[in-house]
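The structure appears below as structure tokens.
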Amino acid sequence: MAIEQTILLAVAPSEDNLLHLKNINPKYKPFKCNINTFTIDLPEASGPEWYKYFLCGIKGILEHIAPQNPKGMAVVLSGNIPPASGLSSSSAVVSASVLCCAFLHNVPLVKQTLATVSADCERYIGTQGGGMDQAIAFLAKQGTAQFIEWNPLKATPVHLPNNAVFVIANSLSEANKAATSDFNQRVVECRLACRFLAKKMQLNWRDIWRFADLQKALNYSLEEMETLTNTYLTQLVYTRQELLEMFEMERDDFVENLLTANTRQSEVFKLRQRALHVFQESIRVKTFVEVAQSPTDGTIHLMKKLMRQSHESLRSLYECSHPNLDQLVELSDKLGVGARLTGAGWGGCIVALCDGVDQSLQYIDYLKDAYYADLAQAQGRNLEEVVFATSPQRGAEIYLEKSGVIG
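The sequence shown begins at 1 in the working numbering and counts up one residue at a time.
And the structure:
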């Protein structure tokens, strides 16, 4: 679901073929470049500059629509999504830039297309994401969660119980997924696991690198995919040499075609754990939707349980949690609140499901005392911006001023 926090752009066409970018937060320096000739360098260890996410969106949509004369633009950006918090601030910037550029070039605004282009765009900065953040940015509807499916991309409303209240709690441990190889390492391990299983099943493994495509080729249920993983991916760790022998590949071929730029030094890979997480998590998502579609008095309790199981899998199988996230989830357990990390992990936020407004208020007060009171990063912060209740909101929109400027 989309949350209440936003990225806002004020945009106007520019006649000088330049892209003028300004962030109202003085922490982020302005940037200017030629709309026809700019480049995007892979980020340094400290992570990419804020404007590079905007450039990703511009580059992606311009390549998609291929206008004869790309238009320059002047853009002022504002937002209240905490950066590096797991709330998709970077994906929101990418998606917003795709939308405004498409609009200025009079491109038909098909949400599914914009979401797909936005998902592809972030790869220009080196992040191999799956596209879920960008999909919900465009397809979200107020008042409901969305069940996202791919090939083709579509969203199905999932109506939550009336008394369901979500709370976002920021661990205040920042996690910039573009600054390290951790995020892409998991993506690579999933793709290797998929190809490993495809080869074991005597399929054309070079062309099958997504679990969904493998499942479709085999015509297996999710439960059967989990069994397949347990049958063939028996080792806790696979070395590069073992995979070279299994795939019958030369080292250069393996590095060039199966790894990403920032994972080329990796020598060990956890294929079993990553595959088990993906299939078990998909089963949990399916169960969550089924529970929502057939509500009973115990619906929220079951949803809480599924969220808690999800976090445990992210912690132990996908290994993308953080001690502070685990602490927040364990504190949630004490109040009977179901919680999991959200976003890429390695820091950022948890999302928690409460049974009613009263429990959500009690939960927020409890976290302020039990977690934030003694946390150095929380001192001097407005905790209303750090831990807060939210509800499903609508996705990206365009507002037109009478002057012709869009915002």
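Glycine residues also receive a C-beta, built at the ideal position from the N, C-alpha and C atoms.
Inset, instruction - Output the boundary residues of the alpha helix (DSSP H) element that contains L335. - result: Neither: L335 is in no alpha helix (DSSP H) and is coded neither H nor E.
Legend entry - 8 Å Cβ cutoff met for I40 and V93: no
Legend entry - Reference N34, options S14, P48, W50, closest by Cα: S14
Inset, instruction - Quick one: which unbroken alpha helix (DSSP H) runs of 4-plus residues sit fully inside the region 279-324? Chain order, please. - result: 299-316
Legend entry - Endpoints, the beta strand (DSSP E) within which A164 is located: 164-170
Inset, instruction - Assuming A74 and H20 form a contact by the criterion Cβ under 8 Å, report the distance between their Cβ atoms to the nearest whole angstrom. - result: Correct: roughly 4 Å between the Cβ atoms.
Legend entry - V351 versus D16: straight-line alpha-carbon distance, rounded: 44 Å
Inset, instruction - Flag this pair as yes or no: are the beta carbons of I3 and T239 separated by less than 8 Å? - result: no
Inset, instruction - Answer yes if the region 288-301 comes into contact with the region 319-333, meaning at least three C-beta pairs across the two stretches below 8 Å, and no otherwise. - result: no
Legend entry - Contiguous alpha helix (DSSP H) assignments of at least 4 residues, all confined to the region 147-225: Qualifying alpha helix (DSSP H) stretches, in chain order: 182-200, 211-218.
Legend entry - N23, DSSP secondary structure in three states: Shown here, N23 sits in a strand according to DSSP, grouped into three states.
Inset, instruction - Could you name the residues of the same chain whose beta carbon sits closer than 7 Å to that of V165, not counting the 5 residues immediately before and after it, in chain order? - result: Result list for V165: C354, G356, V357, S360, A389, in chain order.
Inset, instruction - In the DSSP assignment, find the alpha helix (DSSP H) that holds G130 and state where it starts and stops. - result: Neither: G130 is in no alpha helix (DSSP H) and is coded neither H nor E.
Legend entry - Residue from Q265, G79, K71, Y363 whose Cα sits closest to the Cα of N106: K71
Legend entry - In chain order, each alpha helix (DSSP H) run of at least 4 residues that lies wholly inside the region 41-113: 50-65, 89-104
Legend entry - Three-way DSSP call (helix, strand, coil) for D355 in this model: Residue state for D355 is assigned as strand, using DSSP reduced to three classes.
Inset, instruction - Name the residue from H301, K305, G343, G336 whose alpha carbon lies nearest to the alpha carbon of S321. - result: Closest option to S321, judged by alpha-carbon separation, among H301, K305, G343, G336: G343.
Inset, instruction - Take R308 and list the residues in its own chain whose beta-carbon comes closer than 6 Å to its own, dropping the five residues that flank it on each side. - result: G338
Inset, instruction - Per DSSP, which residues does N36 bridge with? Please list them. - result: DSSP, once it has assigned bridges, lists no residue as partnering N36.
Legend entry - Own chain residues within Cβ distance below 7 Å of D253, not counting five before or after: For D253, where only same-chain residues beyond five positions count, there are no Cβ hits under 7 Å.
Inset, instruction - With a cut-off of 8 Å on the beta carbons, I'd call C349 and S171 a contact; round off their distance for me. - result: 7 Å between Cβ atoms; contact.
Inset, instruction - Check V268 in the structure and name its three-state DSSP category. - result: strand
Inset, instruction - Within 10 angstroms of the Cβ of T263, are there 16 or more other Cβ atoms? Answer buried if so, exposed if not. - result: With 16 or more neighbouring CB atoms inside 10 Å of its own CB, T263 falls in the buried class.
Legend entry - Residues near S282 in its chain [Cβ-Cβ closer than 7 Å; skip 5 each side]: L222
Legend entry - Closest Cα partner of V237 within the set K270, S85, S181: Nearest C-alpha to V237: K270.
Legend entry - Opposing strand residues paired with F138 [DSSP bridges]: Beta-bridge pairing links F138 to no other residue.
Inset, instruction - Please name the residue, chosen from L139, N163, A169, that lies closest to P157 on a Cα-to-Cα basis. - result: For P157, the closest alpha carbon among the candidates L139, N163, A169 is that of L139.
Legend entry - Among T180, T227, T37, the one whose alpha carbon lies nearest that of L197: T227
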